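**Student:**
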Amino acid sequence: MTKYDEVMEKIKVTPEMRARILQNAAAQCKPSDRKKPARVTALRRFAALAACLAVLLAGAVTLPRLISRPAQKEEAETMIANGMEELSSRDELSAAVGFPVKAAMSLPFFPQEIHYTSYWGDMAQTDYANGSAGACLRQSVGAEDHSGDWNEYPAQQTITAAGCTVTLKGETGSYTLAIWTDGNYSYSLSLSSGQPESVWQTIIEGVQ
């Protein structure tokens, strides 16, 4: 039996519902002239057709919801099994990883979308987006580089921001990746477009 058949078996129209539909449809089409039996018959047929269409429409509206729910649940369970868990807020992300998660408050763009993800319950990732502009902030306990970016960049620069030594990587004068630690947590922040050292200074100080 297909999922469609299983779902359709769950859609039940009780005799009371069927009678009410037919009664309402018939009331709308009640003839005023009793001397026109042909018209009455046609209207009754129309009422029955309208009732059938109403039942089919109800099934069409309900069916996609019933089918999509198991798929969404399965997708969420798969993500958790792979170590990824999407959360709806920074507080939920903090609870999932077991430490207070910081946020990037001074990005070079205003985020319209923010997504929170826990990796294996020990690394927090916050993604910010506004059109083509994006940023990814990661945080975990310790001092290990968890950026996951092993590209060879032509330029690397070290700056001091928020009392931390920060390593910038990217093009000369235009860096897209920052890595640092505050002694308790390690951080990485990547941007979709390169920024100069002065802008990075403000960005790092805004991670709170």
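Numbering (this note's numbering), first residue to last: 1470 to 1677.
Glycine is no exception: its CB is placed at the ideal position from the N, C-alpha and C atoms.
None of the values given here were measured: they were computed from a predicted structure.
1. Measure the Cβ-Cβ separation of L1574 and Q1677 and say whether it is below 8 Å.
2. CB-CB under 8 Å to V1668, same chain, minus the five flanking residues each way: which ones, in chain order?
3. Report all residues from its chain with a CB closer than 6 Å to the CB of P1580; omit the five preceding and five following residues, and keep chain order.
4. What are the boundary residues of the beta strand (DSSP E) that includes L1660?
5. Who are the Cβ neighbours of H1584 in its own chain at under 6 Å, not counting the five residues just before and after it?
6. Quick check: what's the CA-CA separation for V1570 versus D1614?
7. Closest to Y1592 by CA distance: which of Q1664, Y1656, I1672 and P1665 is it?
8. Check whether the Cβ atoms of S1661 and G1603 lie closer than 8 Å to each other.
9. Give a yes or no on whether the C-beta atoms belonging to Q1693 and T1634 are separated by under 8 Å.
10. Tell me G1639's beta-bridge partners as DSSP assigns them.
11. So, with DSSP's three-state summary, where would you put Q1670?
12. Spatial neighbours of P1506 within its chain, please: CB distance less than 7 Å, with the 5 preceding and 5 following residues excluded, ordered by chain position.
13. Given a cut-off of 8 Å on the beta-carbon distance, is the pair I1628 and E1674 in contact?
14. Grab the span of the alpha helix (DSSP H) containing V1566 for me, first residue to last.
15. Report the three-state DSSP secondary structure of S1616 (helix, strand or coil).
16. For K1638 and L1606, what's the separation of their Cα atoms in angstroms?
17. Classify E1554: buried if its beta carbon has 16 or more other beta carbons within 10 angstroms, exposed otherwise.
18. Using three-state DSSP, classify A1573 as helix, strand or coil.
19. Could you tell me the distance, in whole angstroms, from the CA atom of N1620 to the CA atom of S1601?
20. Identify whether G1600 lies in helix, strand or coil by the three-state DSSP scheme.
**Tutor:** So, from the listed chains and residues:
1. What sits at residue 1574 in the sequence shown is Met, not Leu. Yes. Within cutoff.
2. P1577
3. Hits under 6 Å: Y1597 and N1599.
4. Y1654 to Q1664
5. D1596
6. 17 Å
7. Per the sequence shown, the amino acid found at residue 1592 is Met instead of Tyr. Considering only alpha carbons, the answer is Y1656.
8. For S1661 and G1603, yes; Cβs fall inside 8 Å.
9. What is shown of the chain runs 1470 to 1677, which leaves residue 1693 out entirely.
10. DSSP output for G1639 lists A1624 and Y1644 as bridge partner(s).
11. helix
12. The predicted model places P1506 with a pLDDT of 45, which falls under 50 and marks its position as unreliable; any figure quoted below should be read in that light. If we look at P1506 and ignore the five residues flanking it on each side, it has no Cβ neighbours.
13. no
14. Segment R1559 to V1566, the alpha helix (DSSP H) holding V1566.
15. coil
16. 15 Å
17. buried
18. Note: A1573 maps to strand in three-state DSSP.
19. In a straight line, the C-alpha of N1620 is about 21 Å away from that of S1601.
20. If DSSP states are grouped into helix, strand and coil, G1600 belongs with coil.
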